[in-house]
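Student: Below is one structure. I have some questions about it.
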Amino acid sequence: MIHFKLKHVLGVVLGIGTGVMAGLFLGASDATATTGPLQQSTLEDIAEQLQVGDVVFTRIKVRPFLKVAAATGSWTNHVGIVTDISGSEPQISESTFPLSRTTPLSKFVARSESGRVAVARLKTEISPEQQTGIRQAAKKRSGILYDTGFNLHSSRQFCSRFVREVLAESTGVHVGKVENFATLLAQRPDTDLGFWKLWYFGRIPWQRETVTPASILNSPALQIVFDGRAHTPTAEEVRKAVPPYPAKFEWNPHG
């Protein structure tokens with residue numbers, strides 16, 4: 001996907017660069033919960049590893065999504081699925097606001113805090129027929145309004161439900177854990193219930209079933225193939241990483 005010399009430059013760069021509504025949507029980032037050291041890689045190298053059906057996790061810097069991460073005790077709060085790797089960069093199908101759609105990998109990861117990204121893959125191999133099924137299942141769910149109520153049984157979509165349904169329909173594998181709000185929030189006694197009461201206009205729907213990005217990330221049907229940060233060098237970093245041309249340059253057309 002990218003010329004070898006440019007990949008080398010990117011590697012060098014990576015090595016050297018170590019209210020009610022307004023109030024609901026604006027807020028400082030919650031602490032990122034991780035286990036073990038994070039991998040560091042260029043976005044191009046990550047892209048070259050991706051396969052159709054891979055699940056890509058990110059961390060959106062918008063307060064409701066940060067509260068989702070806090071309520072689930074996880075760093076991740078958004079997820080999409082790879083549906084096409086045939087073009088210049090992989091395409092990620094996702095349920096996002098306002099409508100579900102397909103997004104280039106670079107734009108998908110650009111929304112993530114500090115380039116935080118993880119990639120998980122089914123432990124069972126996905127056949128070509130199942131890959132076609134993944135694309136069809138995602139396309140069928142494209143253009144659907146985002147469900148801000150996170151209801152697993154509504155006519156709308158949200159990110160983790162989208163990924164769960166696409167994989168289940170195309171491969172028969174169910175990822176993520178279905179649980180109601182009462183069970184989910186009881187697991188985190190420090191959850192900011194005040195925020196969720198405001199979000200649900202005073203009444204949290206305790207018995208509503210949902211599925212979270214965190215439960216998909218922890219699914220026993222998936223294996224992690226990347227967990228870290230994607231680094232996209234700036235133009236200045238690339239310039240500094242490229243060795244300067246020699247002061248005297250002799251052209252030899254015969255090599």
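Quick note: our numbering has the sequence shown finishing at residue 255, numbered continuously throughout. The C-beta atom is built at its ideal place from N, Cα and C for all residues, glycine as well.
#1: Between the Cα of residue 125 and the Cα atoms of 52, 41 and 46, which residue gives the shortest distance?
#2: Along the chain, where does the alpha helix (DSSP H) that runs through residue 194 open and close?
#3: Using only the alpha-carbon positions, how far apart do residue 179 and residue 209 sit?
#4: To which residues of the same chain is residue 20 closer than 8 Å at the C-beta, ignoring the five residues directly before and after it?
#5: Distance check for residue 194 and residue 201, CA to CA, integer angstroms please.
#6: Whole angstroms are fine: how far does the CA of residue 175 sit from the CA of residue 25?
#7: If residue 117 and residue 229 are in contact, beta carbons under 8 Å, what's the gap, nearest whole angstrom?
#8: Quick check on residue 164: does DSSP put it in helix, strand or coil?
#9: Please report the distance separating the alpha-carbon of residue 183 from that of residue 87.
#10: Which first and last residues belong to the beta strand (DSSP E) in which residue 222 is found?
#11: Going by DSSP in three states, residue 121 sits in which element: helix, strand or coil?
#12: Specify, as a first and last residue, the run of the alpha helix (DSSP H) that residue 215 falls within.
#13: Give every residue of the same chain whose Cβ lies closer than 8 Å to the Cβ of residue 134, excluding the five residues on either side of it in the sequence, and list them in chain order.
#14: Tell me which residue opens and which closes the beta strand (DSSP E) that residue 101 is part of.
#15: In whole angstroms, give me the CA-to-CA distance for residue 188 and residue 150.
#16: Out of 139, 161 and 43, point me to the one whose CA is closest to residue 177's CA.
#17: Do you know whose CA, among 181, 196 and 70, lies nearest residue 207's CA?
#18: Nearest-angstrom Cα distance between residue 154 and residue 147?
#19: Is residue 145 helix, strand or coil by DSSP?
#20: Considering residue 58, what are the terminal residues of the beta strand (DSSP E) in which it resides?
#21: Spell out the partners DSSP gives residue 80 in its beta bridges.
#22: Can you list, in chain order, the residues of its chain with a C-beta nearer than 7 Å to that of residue 109? Leave out the 5 residues immediately preceding and following it.
#23: Which first and last residues belong to the alpha helix (DSSP H) in which residue 130 is found?
#24: Under a Cβ-count criterion, where at least 16 other Cβ atoms within 10 Å of its own Cβ denotes burial, should residue 203 be classed as buried or exposed?
Tutor: Looking at the atomic coordinates:
#1: Residue 125 has its Cα closest to that of 52, out of 52, 41 and 46.
#2: Where residue 194 is concerned, the enclosing alpha helix (DSSP H) stretches over 193-199.
#3: Taking the straight line from one Cα to the other gives about 5 Å.
#4: For residue 20, the predicted structure reports a pLDDT of 35, less than 50, and the residue's modelled location is therefore unreliable. A value from the coordinates is still provided. Cβ-Cβ distances below 8 Å link residue 20 to 198 in the same chain, with the five nearest sequence neighbours on each side left out; the list follows chain order.
#5: Across the structure, residue 201 and residue 194 are spaced so that their CA atoms are roughly 11 Å apart.
#6: Its pLDDT being 37, under 50, residue 25 is placed unreliably by the model, and nothing is read from it.
#7: About 7 Å separates the beta carbon of residue 117 from that of residue 229, a gap short enough to meet the 8 Å contact definition.
#8: When secondary structure is reduced to three states using DSSP, residue 164 falls in the helix class.
#9: Straight-line measurement puts the Cα of residue 87 at about 42 Å from the Cα of residue 183.
#10: Residues 222-231.
#11: Looking at residue 121 - three-state DSSP - the assignment turns out to be strand.
#12: 213-217 is the span of the alpha helix (DSSP H), which, as asked, contains residue 215.
#13: For residue 134, same chain residues with a beta-carbon under 8 Å away, outside a window of 5 residues either side, are 52, 53, 81, 83, 126, 166, 167, 170 and 171 in chain order.
#14: DSSP places residue 101 inside the beta strand (DSSP E), whose first and last residues are 101-104.
#15: Straight-line measurement puts the Cα of residue 150 at about 18 Å from the Cα of residue 188.
#16: Just measuring C-alpha positions, the residue of 139, 161 and 43 sitting nearest residue 177 is 161.
#17: Residue 207 has its Cα closest to that of 181, out of 181, 196 and 70.
#18: Distance from the CA atom of residue 154 to the CA atom of residue 147, rounded to whole angstroms, is 8 Å.
#19: In the structure shown, residue 145 falls within a strand segment according to DSSP collapsed to helix, strand and coil.
#20: Taken as a continuous stretch (DSSP letters only), the beta strand (DSSP E) holding residue 58 covers 55-60.
#21: The partner list for residue 80 (beta bridge, DSSP) reads 56.
#22: For residue 109, where only same-chain residues beyond five positions count, the Cβ hits under 7 Å are 43, 58, 115, 117 and 230.
#23: Per DSSP, the unbroken alpha helix (DSSP H) holding residue 130 starts and ends at 128-140.
#24: Of the residues assessed, residue 203 falls on the exposed side of the cut-off, its CB having fewer than 16 other CB atoms within 10 angstroms.
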